[in-house]
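Undergrad: Got a structure for you, written out below as structure tokens; questions coming shortly.
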Amino acid sequence: MKKCVRRAVFTLLLASFSASFFISCSSSRLNDQIKFGIWASEKDLWDEAIFRWKKALALDPNSVAAHNNLAVAYEKKGFFEEALKEYEFTLKLAPNNTYVKSNYQNCKENIQPAKKDAKDKDEKK
Amino acid sequence: MQKIKMKKNSGRLVALAFSALSLTSCVTDPTAKVKIEIPAAPAINIASFPEITLTNFWQEKEIKDLNLNQELMLYFKEELRLQFKGKLSTKNITWENAEAAKNKDFWKQIPVESKETIFLTGKVQFTQEVRKALLEKGIKNLDGPFAPPKAWAERKNYALKLDIYLIRADSGEILFQKDFQESMNYESQKQTTAFAFYDLMQRIKTKFLRALLGSEKTQDRYLLLKS
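Those sequence lines, one after another, are chains A and B. Going letter by letter, the first sequence gives residues 1 to 125 in our numbering. Going letter by letter, the second sequence gives residues 1 to 227 in our numbering.
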């Protein structure tokens, strides 16, 4: 009886571990694309990085990392509207992610700071 | 018996290895901080306007030895010539008051060649003062032919405040507005006002053109390592 229980527990454990292994395998392809993109960005190859992160999004359209990184790349390329859209979408997926929030705030401040100054001044008055 | 034990141990080892692997993947830092040169968005696209007319600024006090408005207009004209391919002109206007910059009708009634002209104008304040500070308490006079050491230090302080506006001639709408303030201390009491003005303008010019035309700046961003 004890043997049976032990076997059952062991098989359950093994099954759960192997399941997690397979899941991690499929997500590892996604993470590989993300990491490749980061490597490319470090080498200043931002077009390659965008290509990799778009590939990651094809694997998982709700990948927070892929959306956030893509937004950073768009900012770097000067595509501010696209960057803002990506950040906003990322924040919908991960509203409490402090890193994404920080990126988004900085990006927003970069867009038309002078116009914002004028508005703020008028509001204060 | 030994074989059964071996099998049991190998099973445990496999389980341990899996759990160790999954744990290490959770512990690593989830971000990569990168410094990137981000092209700042220009406040307005000045290339879409055929002409920029530089006007005299609103000035509260006249400055001795320096025609501030003329210097300002010439300075901006020369600097903009490098950045703007359209026509640059100057115009002397009569300011009603300091708030005229926000009066749309005031700008609409100024005659211009093209309706799409924009005015570069604003308010200027340039001040100069001598600041004194005690160097040390109880400085003793030395015996002999030496002059007594100074107990205080003097610095000439100059401050330049510019409130710059870019205004559409046809509608009087403010396209760009930003305050700039810079100050500098000079040890030399012989420092001329014009020299100080150009020192301060150099600083303001960099900030103004960066804000207006947009130039690259280094900022931190976080890349996420894992989905």
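Even glycine gets a Cβ: it sits at the ideal position worked out from N, Cα and C.
Would you say V72(A) reaches chain B, if we count a Cβ-Cβ gap shorter than 9 Å as a contact?
TA: Closer than 9 Å to some Cβ of chain B, the Cβ of V72(A) qualifies, so yes.
Undergrad: In chain A, which residues lie less than 8 Å from S114(B) when you measure between Cβ atoms?
TA: Correct list: empty, because the minimum Cβ distance to chain A is about 24 Å.
Undergrad: Given F106(B), which residues of its chain have a CB within under 8 Å of its CB, disregarding the five upstream and five downstream residues?
TA: Here the set comprises E96, A100 and G172.
Undergrad: Does the region 35-51 of chain A come close enough to the region 65-72 of chain A to have 3 or more Cβ pairs within less than 8 Å?
TA: The region 35-51 of chain A vs the region 65-72 of chain A: in contact.
Undergrad: Return the first residue and the last residue of the beta strand (DSSP E) that W152(B) is part of.
TA: Residues W152 to R168.
Undergrad: Apart from the five residues on each side of it in sequence, which residues of its chain come closer than 8 Å, Cβ to Cβ, to L175(B)?
TA: The residues are A43, I44, I118, L166, I167 and R168.
Undergrad: Could I get the ranges of all uninterrupted beta strand (DSSP E) runs contained in the region 58-94 of chain B, with 3 residues as the minimum, in chain order?
TA: Taking only runs of at least 3 residues, the beta strand (DSSP E) segments lying wholly in the region 58-94 of chain B are 87-91.
Undergrad: Indicate whether H172(A) and F89(A) have their beta-carbon atoms separated by less than 9 Å.
TA: Nothing about residue 172(A) can be reported from this structure: the residues present for chain A run from 1 to 125 only.
Undergrad: Between the alpha carbons of L45(A) and L80(B), how many angstroms are there, rounded?
TA: Going by the C-alpha atoms only, they are around 34 Å apart.
Undergrad: Under 9 Å, Cβ to Cβ, is there at least one residue of chain A near T31(B)?
TA: Answer yes: the Cβ-Cβ gap between T31(B) and chain A drops below 9 Å somewhere.
Undergrad: Where does L224(B) sit, in a helix, a strand or coil, going by DSSP?
TA: It is a strand residue.
Undergrad: Counting only C-beta atoms, is Q83(B) closer than 9 Å to chain A at any point?
TA: It does not; no Cβ of chain A falls within 9 Å.
Undergrad: So what does E51(B) bridge to, in DSSP terms?
TA: For E51(B), which the question treats as bridged, DSSP gives the partners K87(B).
Undergrad: For the region 91-111 of chain A, which residues have a beta carbon sitting closer than 7 Å to at least one beta carbon of chain B?
TA: Listed by position along the chain: Y99, S102, N103, N106, N110 and I111.
Undergrad: Which residues does DSSP pair with Y186(B) in a beta bridge?
TA: BP columns for Y186(B) point to K156(B).
Undergrad: Since I38(B) and K101(A) are thought to touch, with beta carbons under 8 Å apart, how far apart are those beta carbons, to the nearest angstrom?
TA: Contact doesn't hold; Cβ gap of about 17 Å is too wide.
Undergrad: For chain A, check one thing: does any of its Cβ atoms lie closer than 9 Å to the Cβ of L80(B)?
TA: Chain A contact via Cβ: absent.
Undergrad: Please state whether the Cβ-Cβ distance between L54(B) and L160(B) is less than 9 Å.
TA: No. Outside cutoff.
Undergrad: Give the C-beta separation of P50(B) and E116(B) to the nearest angstrom, bearing in mind that I take them to be a contact with Cβ-Cβ under 8 Å.
TA: Confirmed, Cβ separation roughly 6 Å.
Undergrad: Residues of chain B with CB closer than 7 Å to the CB of V64(A), please, in chain order.
TA: Near V64(A) (Cβ distances below 7 Å), the residues of chain B are L224 and S227.
Undergrad: Excluding five sequence neighbours on each side, which residues of the same chain lie with their C-beta closer than 6 Å to the C-beta of K205(B)?
TA: Hits under 6 Å: E79.
Undergrad: Would you list the residues sitting across from K123(B) in a DSSP beta bridge?
TA: For K123(B), which the question treats as bridged, DSSP gives the partners W58(B) and D163(B).
Undergrad: So which of L82(B), G86(B) and Q109(B) has the shortest CA-CA distance to T94(B)?
TA: Out of L82(B), G86(B) and Q109(B), Q109(B) has the C-alpha closest to the C-alpha of T94(B).
Undergrad: My parser needs the beta strand (DSSP E) runs of 3 or more residues fully inside the region 49-122 of chain A; what are they?
TA: If we require 3 residues or more, the region 49-122 of chain A turns out to have no beta strand (DSSP E) run fully inside it.
Undergrad: Whose C-alpha, out of Q177(B), Q189(B) and A194(B), is nearest the C-alpha of F208(B)?
TA: When each option's Cα is compared against that of F208(B), the closest is Q177(B).
Undergrad: Is E187(B) near R155(B), with beta carbons less than 9 Å apart?
TA: Result yes, Cβ atoms of E187(B) and R155(B) sit closer than 9 Å.
Undergrad: Any Cβ of chain A within less than 9 Å of the Cβ of E173(B)?
TA: Cβ-Cβ to chain A under 9 Å: no for E173(B).
Undergrad: Rounded C-beta distance between V124(B) and L74(B)? I'm assuming under 8 Å.
TA: With a Cβ gap of about 14 Å, V124(B) and L74(B) do not count as contacting.
Undergrad: Determine the chain B residues that contact K56(A) at a beta-carbon separation under 9 Å, and present them in chain order.
TA: Here residue 56(A) is Ala; the residue named in the question, Lys, does not match the sequence. Neighbours of A56(A) on chain B, chain order: S227.
Undergrad: Looking at chain A, is there any beta carbon in it that lies within less than 9 Å of the beta carbon of V34(B)?
TA: For V34(B), the answer is yes, since a Cβ of chain A falls inside 9 Å of its Cβ.
Undergrad: With a 10 Å radius around its C-beta and 16 neighbouring C-beta atoms as the bar for buried, classify R131(B) as buried or exposed.
TA: Per the 10 Å Cβ criterion, exposed.
Undergrad: Should A163(A) and L223(B) be called a contact, given that it needs their Cβ atoms to be closer than 9 Å?
TA: There is no way to answer for residue 163(A), as the model of chain A reaches only from 1 to 125.
Undergrad: Considering only their Cβ atoms, is the gap separating L225(B) from I34(A) smaller than 9 Å?
TA: Yes, the pair counts as a contact, with Cβ atoms nearer than the cut-off.
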